[in-house]
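Colleague:
There are 2 protein chains.
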Amino acid sequence: MNNFKVIEVKQSIFENNDKRADLLRKEMKEKKTFLLNLMSSPGSGKTTTLTKTIAALKDEMSIGVMEADIDSDVDAATIEQTGAKVIQLHTGGMCHLDADMTRQGVNELGVEGIDFAILENIGNLVCPAEFDTGAAKNAMILSIPEGDDKPLKYPLMFSICDVLIINKIDVLPYFDFDMDKCVERAKKLNPNIKIFPISAKTGEGVEAWANWIREQVNEWKK
Amino acid sequence: MNNFKVIEVKQSIFENNDKRADLLRKEMKEKKTFLLNLMSSPGSGKTTTLTKTIAALKDEMSIGVMEADIDSDVDAATIEQTGAKVIQLHTGGMCHLDADMTRQGVNELGVEGIDFAILENIGNLVCPAEFDTGAAKNAMILSIPEGDDKPLKYPLMFSICDVLIINKIDVLPYFDFDMDKCVERAKKLNPNIKIFPISAKTGEGVEAWANWIREQVNEWKK
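Each protein sequence line maps, in turn, to chains A and B.
Under this note's numbering, the very last position in the first sequence is 244; numbers go up by exactly one each time.
Under this note's numbering, the very last position in the second sequence is 244; numbers go up by exactly one each time.
#1: Using the C-alpha atoms, what's the distance from B:L164 back to A:E142?
#2: Measure how close the beta-carbons of B:A222 and B:T71 come, nearest whole angstrom, since I'm counting them as under 8 Å.
#3: Which partner residues does B:F180 have in the DSSP bridge list?
#4: When the Cα atoms are used, what is the spatial distance from B:K244 to A:K107?
#5: Would you mind stating whether B:A161 and B:L46 have Cβ atoms separated by less than 8 Å?
#6: By Cβ distance below 6 Å, which residues in the same chain neighbour B:F197 in space, the five residues on each side in sequence not counted?
#7: When you compare the CB of A:P219 with every CB in chain B, is at least one pair closer than 8 Å?
#8: When burial is assigned at 16 or more other CB atoms within 10 Å of the CB, is A:N129 buried or exposed?
#9: Please check the pair A:P177 and B:D44, which I expect to be a contact at CB under 8 Å, by giving their CB distance rounded to whole angstroms.
#10: Looking at chain B, which residues of the region 89-107 of chain A have a Cβ within less than 7 Å of any of its Cβ atoms?
#11: Is the number of C-beta pairs between the region 47-67 of chain B and the region 207-217 of chain B that are closer than 8 Å three or more?
#12: Mind checking whether B:I187 and B:W242 have CB atoms under 8 Å apart?
#13: Below 8 Å on the Cβ atoms is my contact criterion, and I expect A:I191 with A:G227 to pass it. Report the Cβ-Cβ distance as a whole number of Å.
#14: Figure out for me which residue from B:K68, B:S63, B:D97 has the closest Cα to the Cα of B:K27.
#15: Let me see if you follow: with CB-CB separation under 8 Å, is A:K172 close to chain B or not?
#16: If you measure between the beta carbons of B:A208 and B:M50, is that distance less than 8 Å?
#17: With which residues is A:H112 paired in a DSSP beta bridge?
#18: Taking Cβ to Cβ, would you say B:M88 is nearer than 8 Å to B:L131?
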């Protein structure tokens with residue numbers, strides 16, 4: 023039996039999403055909770071990456087997860103097994119979360135004493151890129167099987183992310199994926215983007231990514 | 023140099039999308055052009071599948087392709103090499119196509135004498151499921167690396183499709199993908215869905231899928 027809460031988040035009635043996102047970010051700064059907005063296509067390995075990330079960090083910080091989905095709660099059930107605090111957000115068909123929907127999630131999760139909160143956004147490379155959620159940083163996952171041309175096709179997503187995790191590097195030999203080309207295309211859109219090639223399945227590269235989180239969480243408390 | 027047209031489709035101002043979709047479908051029936059709406063996540067292999075499908079069918083029917091994308095025209099450039107008639111539709115950030123946007127594409131493509139027209143929809147499992155494009159049939163691609171749980175997470179998409187193509191079966195040994203579970207989950211949502219496991223890369227299974235197209239194109243002309 024699952025113990026996590028399932029929240030139906032309502033579409034925001036507020037027009038000025040950017041202002042509301044800034045306000046949420048400011049409040050999260052005061053509460054010393056580093057909020058990460060994690061985005062990707064369906065099936066790129068967000069939940070598996072999260073599971074490994076939580077395993078790497080849970081002994082040194084308090085972690086809370088908001089799993090957003092159109093429907094279903096399979097991801098929250100998986101994350102619950104890591105021991106992290108987790109709630110499931112249902113968007114009722116909406117393809118993204120905005121700042122006010124994120125706030126509804128933050129209120130229900132309760133971030134008092136949480137060092138690192140993660141919003142696992144809807145699996146979609148289009149709509150979530152258009153809405154500032156109020157997170158401190160944005161990260162996206164691109165997986166090897168999706169192809170190295172994705173920066174060309176979803177430029178906004180690559181432009182607004184602080185971090186690009188390139189996942190499933192364990193299957194690199196079986197796909198026509200040119201890592202150099204992918205990195206070059208991402209950097210052309212976003213010269214400052216940090217790139218972490220990982221395999222969430224084997225754990226390869228996860229430590230470097232976890233180190234980045236450690237730095238961010240420490241920085242956010244200052 | 024590419025020779026295909028690039029069309030900026032405008033968001034529809036019409037409220038009754040279902041009615042306009044029915045109207046487009048009726049007109050396509052009169053013109054004897056079978057229009058297929060092809061949907062999937064980014065990177066599931068829509069364009070490679072299309073390339074192989076066109077290769078299998080181009081000697082027996084006239085084929086036209088509308089490549090929809092937020093931005094870029096890499097897919098249209100790939101399809102152009104197959105010899106099929108192709109245009110690129112840009113949605114200006116929109117995450118789906120509705121019936122009127124499809125009509126703008128159909129008008130620009132020109133379907134006179136085209137037996138089989140394909141709309142390659144935006145790579146997204148959420149929004150395109152919500153809008154009837156006016157196509158005769160809907161098909162979706164799920165690829166092995168995306169995982170067998172996708173019917174649980176994107177139920178609407180699986181519910182509205184006539185066909186589910188399960189692509190990249192050549193990499194099945196390298197992923198934890200339970201084919202039986204995936205089929206069971208899809209059929210639970212949509213008992214009549216036709217399922218074609220294929221590898222667009224190796225060509226395995228493409229003939230069965232091409233046969234389905236042959237039947238549909240013939241049926242549509244009656």
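All C-beta atoms, glycine included, are put in the ideal place defined by N, C-alpha and C.
A quick note: this is a predicted structure, and the numbers were derived from the prediction, not measured.
Modeller: With the given structure in hand:
#1: 21 Å
#2: 4 Å
#3: None; B:F180 has no bridge partner.
#4: 59 Å
#5: no
#6: I166, P167
#7: no
#8: exposed
#9: Not confirmed; about 35 Å, so no contact.
#10: D91, I92, D93, S94, V96
#11: no
#12: no
#13: 7 Å
#14: B:D97
#15: yes
#16: no
#17: A:E30, A:D91
#18: yes
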